[in-house]
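J.: Mapping of the sequence shown onto the numbering used here: residues 46 to 820, in sequence order.
Backbone N, C-alpha and C define an ideal beta-carbon position, used for all residues, glycine too.
Take a look at the following structure, please.
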Amino acid sequence: MTDQITLNPTPFPAASILGYPRIGRRRELKKAVEAYWAGKIDAAALDAAAREIQLGTARRLQGLGLTDAAAVPGTFSYYDQVLDAAAHLGAVPARFGNLLNAEAQLDIDGYFTLARGNTDQQPLEMTKWFDTNYHYLVPEIGPETNFALTSSRIVEEFEYALANGVETRPYLVGPVTFLLLSKASDGAPAGFNPLSRLEDVLPVYTALLQKLAAAGASWVQLDEPALVVDQDTPAEAIQAAVARSYEVLSAAARRPQLFVSTPYGALNGQLGTLAATGIDALHLDVFKGGVPSAAALAALGNKTLVAGVVDGHNIWRNDLAASAKKIAELKKSVAKLAISTSTSTQHVPHDVEEEVQLSAQLRSWLAFADQKATEVVTLAGLLTDPEAVQPAIDEATRVIASRAEAEGVRRAGVRARTAALAGADFSRSAYAVREAAQTKALHLPPLPTTTIGSFPQTGEIRTARARAIKGELSTEQYEQLMKDEIKRVVELQEELGFDVLVHGEPERNDMVQYFAENLEGFDVTVHGWVQSYGSRCTRPSILWGDVTRSAPITVEWARYAQSLTNKPMKGMLTGPVTILAWSFVRDDQPLGETANQVALALRDEIADLEAAGIKIIQVDEPALRELLPLRKADQAAYLDWSVKSFRLATAGAGDATQVHTHLCYSEFGAIIDAIDGLDADVTSIEAARSRMEVVHDLESHGFGRGVGPGVYDIHSPRVPGEQEVTELLSTAVKHVPSRQLWVNPDCGLKTRGYAETEESLRNLVTATRTVRAGL
Ligand code: GLN
Ligand code: ZN
46 MTDQITLNPT PFPAASILGY PRIGRRRELK KAVEAYWAGK IDAAALDAAA
96 REIQLGTARR LQGLGLTDAA AVPGTFSYYD QVLDAAAHLG AVPARFGNLL
146 NAEAQLDIDG YFTLARGNTD QQPLEMTKWF DTNYHYLVPE IGPETNFALT
196 SSRIVEEFEY ALANGVETRP YLVGPVTFLL LSKASDGAPA GFNPLSRLED
246 VLPVYTALLQ KLAAAGASWV QLDEPALVVD QDTPAEAIQA AVARSYEVLS
296 AAARRPQLFV STPYGALNGQ LGTLAATGID ALHLDVFKGG VPSAAALAAL
346 GNKTLVAGVV DGHNIWRNDL AASAKKIAEL KKSVAKLAIS TSTSTQHVPH
396 DVEEEVQLSA QLRSWLAFAD QKATEVVTLA GLLTDPEAVQ PAIDEATRVI
446 ASRAEAEGVR RAGVRARTAA LAGADFSRSA YAVREAAQTK ALHLPPLPTT
496 TIGSFPQTGE IRTARARAIK GELSTEQYEQ LMKDEIKRVV ELQEELGFDV
546 LVHGEPERND MVQYFAENLE GFDVTVHGWV QSYGSRCTRP SILWGDVTRS
596 APITVEWARY AQSLTNKPMK GMLTGPVTIL AWSFVRDDQP LGETANQVAL
646 ALRDEIADLE AAGIKIIQVD EPALRELLPL RKADQAAYLD WSVKSFRLAT
696 AGAGDATQVH THLCYSEFGA IIDAIDGLDA DVTSIEAARS RMEVVHDLES
746 HGFGRGVGPG VYDIHSPRVP GEQEVTELLS TAVKHVPSRQ LWVNPDCGLK
796 TRGYAETEES LRNLVTATRT VRAGL
């Protein structure tokens with residue numbers, strides 16, 4: 046391998062990060078992309094905005110000390126990094142017709158068509174990116190996929206940065222991960238594995254690498270996170286694909302140096318395979334995956350080991366002393382060492398220093414993307430001048446120790462309560478007993494109709510909230526506006542004929558942040574947006590201390606809503622697992638312990654709701670599936686604590702109180718035992734998009750309690766016809782005993798408009814009456 050010609054050879058930068066947020070410090074990319082979609086700006090203006098973000102990032106990171114060539118990652122994306130790979134490799138599904146332009150390139154409109162669909166075609170499917178809250182688009186690959194270099198965007202981006210004085214390190218999802226994350230196209234024969242197209246995709250990678258080298262790139266990053274998780278494809282096949290890919294790519298003449306990154310955990314047995322290829326640098330997630338044995342590392346020979354010691358995925362300040370230890374250990378076993386983050390920092394906000402409203406103490410515990418870059422630079426100092434780094438290490442040690450001692454991190458009352466928990470705290474009476482008590486208390490018709498909780502969050506609601514935050518509305522004025530909205534929503538449901546009502550959740554900005562703002566142990570950010578998918582961002586709360594509830598949160602709203610109707614009003618809470626999943630969570634104790642603290646706060650809230658006359662309480666857990674660990678070996682332990690925390694939250698409810706839960710996905714089968722284990726009286730789930738497929742899982746599992754498979758897909762403005770809903774319900778009653786069946790939409794309605802919502806709900810109620818009549 047030594048005689049391969051790499052263009053522009055330079056050492057791998059001692060300090061670098063795997064990736065950086067691309068949404069912009071003030072969500073500039075979101076604004077530009079959405080303005081472009083709305084036709085408010087043209088492609089040139091979008092391009093200009095993107096360039097400004099890219100250059101801003103490059104300059105920022107240089108300013109933070111990532112000054113070596115190729116230290117700044119070229120991880121910008123208009124939408125998604127997996128879509129970028131598909132766009133460069135010609136993986137455009139045939140179902141879209143010809144999306145390429147006259148030069149056989151996929152331009153920005155074609156690119157966004159894959160992401161967002163058009164009038165004839167659904168977009169590419171979206172799914173979770175490893176164990177993060179980021180979502181990527183799933184490429185569709187078949188025997189017909191015509192791999193070709195259909196974009197040079199990353200080359201142009203590299204050239205633009207270089208012309209402005211920064212040599213970035215272009216980024217591409219690597220070939221093995223790209224194919225493993227893809228699914229078989231509609232036209233592919235049964236059993237087709239996209240990985241079988243490896244030989245056809247490699248020449249396109251080679252061509253792109255050569256273009257990048259010609260443009261002056263000394264290093265290119267090929268991201269292979271799929272190698273850290275369990276795959277359906279057998280390990281030997283993956284190993285062969287890794288070996289083949291990197292033999293072929295490293296054998297190319299006039300290529301850049303190849304850097305393979307493997308974030309999100311320990312490399313799943315492929316370290317030796319990668320070490321045996323001609324790549325030039327390999328990243329390992331040493332933060333989460335630990336330091337491999339000296340023997341395993343010895344295989345790297347002259348390759349640079351890029352140690353991901355700084356966590357890219359959570360927001361806590363790095364324990365520099367612990368990282369220094371790992372670095373010292375690695376130094377003993379490898380010839381060339383460089384320092385980096387464990388994952389891209391795209392999962393954390395830009396800059397802690399923006400959050401001036403947080404206490405200085407809390408800020409000192411945190412590291413967002415910019416602080417992580419600084420930590421990497423500091424740690425890289427250990428490679429040359431360890432003494433100079435010692436004060437920074439001592440400072441980190443001091444701050445982390447002060448965090449353990451700080452007020453609110455450990456609360457004696459909370460600790461005493463969790464320590465005293467016993468088995469009985471996690472269980473309710475037998476379901477038959479509860480069912481009888483609830484039937485008596487609730488007087489519901491067969492196939493009761495309900496909704497999942499939120500009603501459309503109108504412009505007026507959002508404006509009112511913004512004005513209340515600015516102080517332009519008093520608390521009383523704001524609360525009155527929300528009450529007016531609740532009244533409207535209750536009247537609408539009465540008019541439509543729903544059996545179990547909701548208050549519509551107008552007072553909640555977000556189903557997690559709302560609780561975070563009202564519980565002790567949390568703080569929220571102002572600018573802490575992170576990309577969820579495309580232009581969508583979320584602003585996770587920070588769970589830093591022991592969680593307690595200092596006062597009831599939802600009770601007055603629920604009491605008011607119930608006062609407006611004789612029908613049962615559902616109390617609405619977000620479950621412990623979802624609160625954890627959509628927050629940045631403390632790293633100083635097991636997640637299960639933190640979940641139980643949240644559960645106890647919810648348990649108190651449920652007791653207060655019952656006391657206020659609320660007979661049905663829904664505890665949403667849409668993220669239960671989402672937190673499921675990547676490695677099969679870790680899943681049982683996760684399901685154990687997550688199910689327990691839900692049970693702890695709900696088991697204090699009386700027999701006559703009906704506990705509902707809501708889950709947002711239809712691949713129900715995989716964790717159906719856990720869902721059953723939640724022991725909710727009624728479970729609503731997404732089902733409309735899969736045309737009620739889940740009822741088969743329910744049937745074969747013998748699911749014995751109430752269940753509401755969604756009959757209406759709320760992700761699109763399309764109104765389901767009465768006939769359509771009737772058919773879905775008729776399918777459902779064939780597989781699930783009608784006494785168990787509930788009728789509801791797939792999910793909350795907050796993102797929908799009123800016109801389509803009203804019509805859809807009307808059809809839902811009418812269809813239910815038709816099916817009821819035939820029972
Ligand atoms: N109750 C919430 C709502 O209706 C549930 C949202 C969710 O499942 N993501 O909006
Ligand atoms: Zn949902």
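Quick check for students: name the residue ranges of the beta strand (DSSP E) that lie wholly in the region 88-175, counting only runs of 3 or more.
T.: Qualifying beta strand (DSSP E) stretches, in chain order: 171-173.
J.: Can you check the region 187-232 for any beta strand (DSSP E) of at least 3 residues that lies completely inside it and give the ranges in chain order?
T.: Whole beta strand (DSSP E) segments, 3+ residues: 214-218.
J.: State the DSSP-derived secondary structure class of F304, mapped to helix, strand or coil.
T.: Of the three classes helix, strand and coil, the one that applies to F304 here is strand, per DSSP.
J.: Evaluate Q558 with the Cβ neighbour count: other Cβ atoms within 10 Å of its Cβ, from every protein chain shown; 16 or more gives buried, anything less gives exposed.
T.: Q558 is buried by the Cβ-count criterion.
J.: Would the beta-carbon of G793 be found less than 7 Å away from any heavy atom of the ligand ZN?
T.: Under cutoff, so the answer is yes.
J.: Could you tell me if the beta carbon of G498 falls within a distance shorter than 7 Å of some heavy atom in the ligand GLN?
T.: Because some heavy atom of the ligand GLN lies under 7 Å away, the Cβ of G498 counts as near it: yes.
J.: Please determine, among Q406, H705, A509, the residue with the shortest C-alpha to C-alpha distance to L618.
T.: If we check each option's Cα against that of L618, H705 comes out closest.
J.: Where does A481 fall in DSSP's three states?
T.: In the structure shown, A481 sits in a helix (DSSP, three-state: H, G or I).
J.: Whole beta strand (DSSP E) runs in the region 709-783 with 3 or more residues, listed along the chain?
T.: Taking only runs of at least 3 residues, the beta strand (DSSP E) segments lying wholly in the region 709-783 are 727-730, 751-754.
J.: Candidates I587, S295, F157, G755: which alpha carbon is nearest L52's?
T.: Out of I587, S295, F157, G755, S295 has the C-alpha closest to the C-alpha of L52.
J.: Closer than 7 Å to a non-hydrogen atom of the ligand ZN - does that hold for the CB of P790?
T.: Checking every heavy atom of the ligand ZN against the Cβ of P790, none is found closer than 7 Å.
J.: Can you tell me whether DSSP reads G579 as helix, strand or coil?
T.: Looking at G579 - three-state DSSP - the assignment turns out to be coil, as it is neither helix nor strand.
J.: Going by DSSP in three states, D632 sits in which element: helix, strand or coil?
T.: Reduced to three states, the DSSP call for D632 is coil.
J.: Sort out for me which residues DSSP pairs A326 with in a bridge.
T.: A326 is bridged to F304, T349.
J.: For P782, is the beta carbon positioned less than 7 Å from some heavy atom of the ligand GLN?
T.: It does not: the Cβ of P782 is nowhere closer than 7 Å to a heavy atom of the ligand GLN.
J.: With a cut-off of 8 Å, do at least 3 Cβ pairs link the region 697-717 to the region 470-488?
T.: The region 697-717 vs the region 470-488: in contact.
J.: Less than 8 Å separating the beta-carbons of A114 and E189?
T.: No, Cβ-Cβ distance for A114 and E189 is not below 8 Å.
J.: In three-state terms, what does DSSP make of Q502?
T.: Coil.
J.: Count the CB pairs spanning the region 498-517 and the region 754-764 that are closer than 8 Å, and state whether there are at least three.
T.: Contact between the region 498-517 and the region 754-764 is absent, because fewer than three Cβ pairs lie under 8 Å.
J.: Return the CA-CA distance between A339 and P308, expressed in angstroms with no decimal places.
T.: Roughly 20 Å between the two C-alpha positions.
J.: If I follow the unbroken alpha helix (DSSP H) through T815, where does it start and stop?
T.: Element bounds for T815: 799-818.
J.: Taking the alpha-carbon positions, what's the S805 to N789 distance?
T.: The straight-line gap from Cα to Cα measures roughly 11 Å.
J.: Would you mind sorting Y799 into buried or exposed? The rule is 16 or more other CB atoms within 10 Å of its CB.
T.: Per the 10 Å Cβ criterion, exposed.
J.: Secondary structure at E524, three-state DSSP: helix, strand or coil?
T.: E524: helix per DSSP, three-state reduction.
J.: List the whole-angstrom C-beta distance separating P621 from F567, where the pair is believed to meet the contact cut-off of C-beta under 8 Å.
T.: Not confirmed; about 13 Å, so no contact.
J.: If you draw a straight line from the alpha carbon of F413 to that of V393, how long is it in whole angstroms?
T.: Those two C-alpha atoms are separated by around 6 Å.
J.: Comparing alpha-carbon positions, which option in S472, Y181, F175 lies nearest P168?
T.: The shortest Cα separation from P168 among S472, Y181, F175 belongs to Y181.
J.: In terms of residue numbering, what span does the alpha helix (DSSP H) encompassing S263 cover?
T.: Counting along the chain, S263 falls outside any alpha helix (DSSP H), and DSSP gives it neither H nor E.
J.: Taking contact to mean at least 3 C-beta pairs separated by less than 8 Å, is the region 195-204 in contact with the region 142-158?
T.: With the cut-off at 8 Å, the region 195-204 and the region 142-158 touch.
J.: Just tell me which of N163, R299, D396, V569 has its CA closest to the CA of S628.
T.: Residue V569 is the option with its Cα nearest to S628.
J.: Tell me whether P501 counts as near the ligand ZN, meaning its Cβ is closer than 7 Å to at least one heavy atom of that ligand.
T.: Not under cutoff, so the answer is no.
J.: Checking 8 Å against the spacing of the C-beta atoms, do L588 and V535 come in under that value?
T.: Cβ distance not < 8 Å, so L588 and V535 don't count as in contact.
J.: Can you give me the C-alpha to C-alpha distance between Y216 and F223, rounded to a whole angstrom?
T.: About 13 Å.
J.: Can you name, in chain order, every residue of its own chain whose Cβ lies under 8 Å from the Cβ of S577, other than the five neighbours on each side?
T.: So the qualifying residues of the chain are N178, Y179, H180, T583.
J.: Taking V434 as the reference, give the member of E374, F175, A369 with the closest Cα.
T.: Checking every option, the nearest Cα to that of V434 belongs to A369.
J.: Our contact map puts D791 next to E731 with C-beta atoms below 8 Å; I'd like the distance itself, whole angstroms only.
T.: Indeed they touch by this definition, with Cβ atoms about 4 Å apart.
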